[in-house]
Amino acid sequence: MTLHPRPQVMHLTDAAAERIRALQAASGKEVEAVRIGVKNGGCAGMEYTMEYAEARKPHDEVIEDKGVTLLIDPTAVMFLLGTEMDYRTDRMRSGFVFNNPNQTSACGCGESVMLKSADESAQDSSEVRGQSS
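Count along the sequence shown from 1, add 389, and you get the number used in the working numbering.
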């Protein structure tokens with residue numbers, strides 16, 4: 390039996406890691422990590438959540454990437470699998486951007502998204518491949 394390494398739930402771009410480090414340094418308190426999750430809300434159905442974490446919770450998925458520690462809420466893992474977290478600045482705004490392969494749509498304001506879990510995504514792609522054979 391061959392064991393395959395478990396895929397990392399999400400990863401950071403250099404810009405996102407740099408911004409998180411800057412925010413943690415400016416927070417004025419001891420911050421172990423940033424907790425990432427999803428919750429029901431917004432016009433598209435779900436919203437990403439981010440907050441400082443002073444301690445790990447028992448079932449957090451721990452990600453170490455580019456010198457930053459992320460704690461992924463266990464209920465969000467299947468919605469975030471394969472996600473790249475970026476930080477972008479343009480003329481009108483700056484903020485974190487989640488490039489998520491499980492996102493099926495987003496609202497016009499960009500504050501909420503519709504997500505499906507990664508296992509549903511894998512099933513859909515295999516069904517499409519099966520139809521084209």
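For each residue, glycine too, the CB sits at the ideal point set by N, CA and C. All of these numbers come straight from a predicted model, not from anything done at the bench.
Contact set for His330: own chain, Cβ-Cβ below 8 Å, skip 5 residues either direction:
Given a span of 390 to 522 for the chain in the structure shown, any question on residue 330 remains unanswerable.
Would you please state the rounded distance, in angstroms, between the beta carbons of Val420 and Tyr441? I believe it to be under 8 Å.
Stepping through the sequence shown from its first residue, residue 420 is reached at position 31. Stepping through the sequence shown from its first residue, residue 441 is reached at position 52. With 8 Å as the limit, Val420 and Tyr441 qualify as a contact, their Cβ atoms being about 5 Å apart.
Buried or exposed for Gly426, please, with buried defined as at least 16 other CB atoms from any protein chain shown within 10 angstroms of its CB.
Within the sequence shown, numbered from 1, the residue matching residue 426 stands at position 37. So Gly426 ends up on the buried side.
Taking the beta carbon of Leu392 as the centre, do at least 16 other beta carbons fall within 10 Å, making it buried, or is it exposed?
Start at 1 with the first residue of the sequence shown, and residue 392 comes out as number 3. Exposed is the call here.
Backbone CA spacing between Phe468 and Ala507 [nearest angstrom]
Mapped onto the sequence shown, residue 468 falls at position 79. Mapped onto the sequence shown, residue 507 falls at position 118. Between the C-alpha atoms of Phe468 and Ala507 there is a straight-line separation of about 6 Å.
Locate the alpha helix (DSSP H) running through Ser467, then write down its first and last residues.
For this step, residue 467 is matched to residue 78 along the sequence shown. In the sequence on display, residue 467 carries Met and not Ser. Note, Met467: alpha helix (DSSP H), 466–469.
What separation, rounded to the nearest whole angstrom, lies between the Cα atoms of Ala411 and Thr493?
Within the sequence shown, numbered from 1, the residue matching residue 411 stands at position 22. Within the sequence shown, numbered from 1, the residue matching residue 493 stands at position 104. The C-alpha of Thr493 is placed about 31 Å away from the C-alpha of Ala411.
Can you list the alpha helix (DSSP H) stretches of 4 or more residues lying completely in the stretch 430–481, in chain order?
Counting whole runs of 4 or more residues, the stretch 430–481 contains the alpha helix (DSSP H) stretches 466–469.
Among Thr478, Glu473, Phe487, Asn491, which one has its Cα closest to the Cα of Asp454?
As a position in the sequence shown, residue 454 is number 65, starting the count at 1. Closest option to Asp454, Cα to Cα, is Glu473.
Within its chain, find whatever has a CB closer than 7 Å to the CB of Gln397; leave out the 5 residues flanking it on each side and keep chain order.
Within the sequence shown, numbered from 1, the residue matching residue 397 stands at position 8. A distance below 7 Å between beta-carbons, with the five flanking residues on each side excluded, links Gln397 to the following residues of its chain, in chain order: Ile452.
Same chain only: Cβ atoms within 8 Å of Ala406, ignoring 5 sequence neighbours per side:
Taking the first residue of the sequence shown as position 1, residue 406 is located at position 17. Within the same chain, Cβ atoms closer than 8 Å to the Cβ of Ala406 are found at Asp454, Lys455, Gly456, Val457, the five residues on either side in sequence being excluded.
Let's test the definition: count the other Cβ atoms within 10 Å of the Cβ of Asn429 and tell me whether it reaches 16, buried, or not, exposed.
Along the sequence shown, read from residue 1 onward, the residue named residue 429 stands at position 40. Counting the other Cβ atoms within 10 Å of the Cβ of Asn429 gives fewer than 16, which makes it exposed.
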